[in-house]
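Here's the structure, in structure tokens; my notes come after.
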Amino acid sequence: MDIQAIQERINQRYPFLLIDRVLEVEPFVRSVAYKNVTINEAFFAGHFPDNPVMPGVLIIESMSQAGAMMYPKAKNGYIAGIDKVKFLGLVRPGDQLVTEAVNIQKAGAFAKVQVTARVDGKDVARAQITYYMEFEEEKE
Amino acid sequence: MATTLEHQVKECIINRLGLDVTAEEVEDDAPLFGEGLGLDSIDALELVIAIGKQFEVSIGDDDMGIFQSVNRICEFIRIARPEL
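If you read the sequences in order, they're chains A and B. So for the first sequence, our numbering puts the first residue at 4; every next one is plus one. So for the second sequence, our numbering puts the first residue at -13; every next one is plus one.
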């Protein structure tokens, strides 16, 4: 799934679209997507000067967008909860941040996923993310 | 002493959500959400996971009404798993 297809699935846009390509999607089961991290990212100017490190909150957002790919296109999607977050390594310019997401449970408007982000095959972050999704109301 | 299904369900809810109450303090027919135990809609998803796993039942979107009370949850489990 390329960047055009990604933009058809989620509403995030520049500067907050934090995945570049989707490698695998098994609907309601699993998705894998990645972000190419470059020195041109605006946040590196301040996080930190002379020591560029991708902020953990943005790693969470990238993982969240990667996980959202396994669910149908929602009118709006939001993060409702984040549990068991661990940051295990630094993400720097030049890294490819690959997120694997696995569905834990979907119930009504909520869905929970287990996400793992890796760089060069090494885990850099893990979390469980709960989404709240709004779908178009069916017209009569 | 054998623990009742109701007691097991209460323990399951309390443990999963880290509630600061004991199973004895939870009434079988008290509402779990809002004024009762004060659970929210995200907690409901956690209960789908926890109840589903512990009692080996599958709770679909149409079954979400069972989380109104411990009695309703037990009723659902007894229908799905009559042997319990």
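Virtual Cβ for every residue (Gly too), placed ideally from N, Cα, C. Remember, predicted model here, so these are calculated numbers, not experimental data.
Looking at the DSSP output, T102 (chain A) shares a beta bridge with A:A36 and A:A120. In this structure, Y74 (chain A) lies away from A112 (chain A), with their beta-carbon atoms at least 8 angstroms apart. For M136 (chain A), the pairing in a beta bridge is given by DSSP as A:G80. Within 10 angstroms of the beta-carbon of Q7 (chain A) lie fewer than 16 other beta-carbons, which makes it exposed. An exposed status is given to K76 (chain A), since fewer than 16 other beta-carbon atoms sit within 10 Å of its beta-carbon. Contact check for I132 (chain A) and M66 (chain A): beta-carbon distance about 7 angstroms, within the 8 angstroms limit, so the pair qualifies.
Chain-ordered listing is empty here: chain A has no CB closer than 9 angstroms to the CB of D14 (chain B), the nearest sitting near 23 angstroms.
For L25 (chain B), the beta-bridge partners assigned by DSSP are B:F19. Going by DSSP, R24 (chain A) is part of the beta strand (DSSP E) stretching over R24 to E29. Residues of the stretch 106 to 125 of chain A with a Cβ closer than 9 angstroms to any Cβ of chain B, in chain order: I107, Q108, K109, A110, G111, A112, F113, A114 and K115. CA-to-CA, the gap between K(-4) (chain B) and L3 (chain B) works out to about 11 angstroms. Shown here, F51 (chain A) sits in coil according to DSSP, grouped into three states, outside any helix or strand.
Annotated three-state conformation of R129 (chain A) is strand, per DSSP. The stretch 79 to 86 of chain A makes no contact with the stretch 20 to 27 of chain A, as fewer than three CB pairs between them are under 8 angstroms.
Put simply, the backbone Cα of V56 (chain B) is about 52 angstroms away from that of G97 (chain A).
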